[in-house]
Structure formats: structure tokens, C-alpha cells
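In full-length UniProt numbering, the protein residues as written are 1 to 166.
All residues carry an ideal CB built from backbone N, CA and C; glycine is no exception.
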Amino acid sequence: MVPVEVLGVRQQQGAGQEIVVLLLDPAAELVVPIIIGPREASAIAMAQAHLTAPRPMTHDLLRDVLEAVHVGLLRVEIVALDDGIFFAEMVLSTGVRVDARASDAIAVAVRTGSPVMCSAEIVALAGVEIVDPEQQREVAEFRDFLEHVSPDDFGSPGRGGESDDP
């Protein structure tokens, strides 16, 4: 497992207009893009910007339940990639490992300040090099955006069911 930095979320330009969360392996200078749903993207971006919803979102609830029962989230591990779907495990302070969607696990990790780790094999397989000056500029702009984002930059989170996106 290698430590990765959660750069944030962005909408990919192109045919699918997919939303991805970007995980940076600074040692290898590779970014692992993971396609996620809009609700999870909003949850990750809001947590990175230190914004809170008027009522707890699902990831806030999970964080609060862990705190209430005095269990910490030691780390999130991205453990597998199968047919384009990333699998994660949340490693709890009790030693229990909880299977999770990567996007949900990352959203909770950002809320708890827990590290995110990724299998070196997955980084090598799915990682994209940041060698292009344009890509490096985009990463710098992304970090700047996260430092200056405001609640008005996000639409209000919808009510209702959870996303079933992998």
C-alpha cells in the first residue's frame, strides 16, 4: 500500500462528462482517477472545503456513529480494481475491515482526517503520469480551488436515495 493524496473531484471533459476523484501518488507522480457519482463528488468536495450541510449527510452520519461508539477510522485502503470498479476497505481502530465503495470510503476519510492508501499495483495499473506542464497547472489550480471554495459553488445536495454508481 502507498499513501495517496485526495486531490479532489472534477468533471472530465469529453463524451461521458464523468465525475472523478483524483488520488495522487506523489512518490510515483501518478494520479489515479476514480469515476464516482455526483452525490459522492459533492460529499468529498464539501468535506475538503470544510463546508457542512444543514443536516448530516450519510458520510457525516457514519463519522458521527464511529465517534459515538469510540471507534476510529485508521485508514482507507483502495484494495482492488475489477472491471473498472475500485474496491476499498475502511480499517477501523478495532482491527475490523469494512468493505466499501471507494467513493464512500474516501468521503469518510476526508471527514475524519484519515489517510487514504492505495495498492501499488492499482497505482501502476490505473495511474496516469503528470509530466505535462498543463496537467501540473491543473493540479495547482485544483488545490487553489479547494482553498477558496464557498458554499455557493455547490448546488444543494438532493434528498432521497443514495447513488448506485460504482
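*Less than 8 Å separating the beta-carbons of Leu-22 and Arg-10?*
Judged by their CB atoms, Leu-22 and Arg-10 are nearer to each other than the 8 Å cut-off.
_Short of 7 Å in beta carbon distance, which residues of its chain neighbour Glu-89, apart from the five on each side in sequence? Order them along the chain._
In its chain, beyond the 5 residues on either side, Glu-77, Val-79, Arg-97, Val-98, Asp-99, Ala-100 have a beta carbon closer than 7 Å to the beta carbon of Glu-89.
*Is DSSP giving Leu-62 helix, strand or coil here?*
Correct three-state label for Leu-62: helix.
_Element boundaries [beta strand (DSSP E), containing Leu-125]_ = Here Leu-125 belongs to no beta strand (DSSP E); instead the alpha helix (DSSP H) covers 120-126.
*What do you reckon, are the CB atoms on Val-6 and Ile-106 nearer than 8 Å?*
A contact, by the Cβ cut-off of 8 Å.
_Using 8 Å as the threshold, is the C-beta distance between Leu-30 and Glu-121 below it?_
In this structure, Glu-121 does not lie closer than 8 Å to Leu-30 by Cβ.
_Between which two residues does the alpha helix (DSSP H) holding Glu-40 run?_
38-48 is the extent of the alpha helix (DSSP H) around Glu-40.
_Pull the bridge partners of Gln-11 from the DSSP assignment, please._
Partner(s): Ile-19.
*Terminal residues of the continuous alpha helix (DSSP H) containing Arg-111?*
Going by DSSP, Arg-111 is part of the alpha helix (DSSP H) stretching over 102-112.
*Have a look at Gly-37 and His-59 and give me their C-alpha separation to the nearest angstrom.*
Just so you know, the alpha carbons of Gly-37 and His-59 end up roughly 14 Å apart.
_Ser-119 burial status per 10 Å Cβ neighbour count (16 or more: buried)_ = Taking all protein chains shown into account, Ser-119 has 16 or more neighbouring C-beta atoms within 10 Å of its C-beta and is therefore buried.
*Ile-85 bridges to which residues according to DSSP?*
Beta-bridge pairing links Ile-85 to Asp-82.
*Between Thr-112 and the rest of its own chain, which residues show a CB-CB distance below 6 Å, the 5 nearest in sequence each way excluded?*
The answer, listed in chain order, is Arg-63, Leu-73.
*asked:* Between Val-108, Val-2, Val-20, which has its C-alpha nearest Val-65's C-alpha?
replied: Among Val-108, Val-2, Val-20, the Cα nearest to that of Val-65 belongs to Val-108.
*Ile-35 beta carbon less than 8 Å from that of Val-110*: Not closer than 8 Å, so no.
*Quick one: Cα of Ser-42 to Cα of Val-32, how far?*
One C-alpha to the other measures close to 19 Å.
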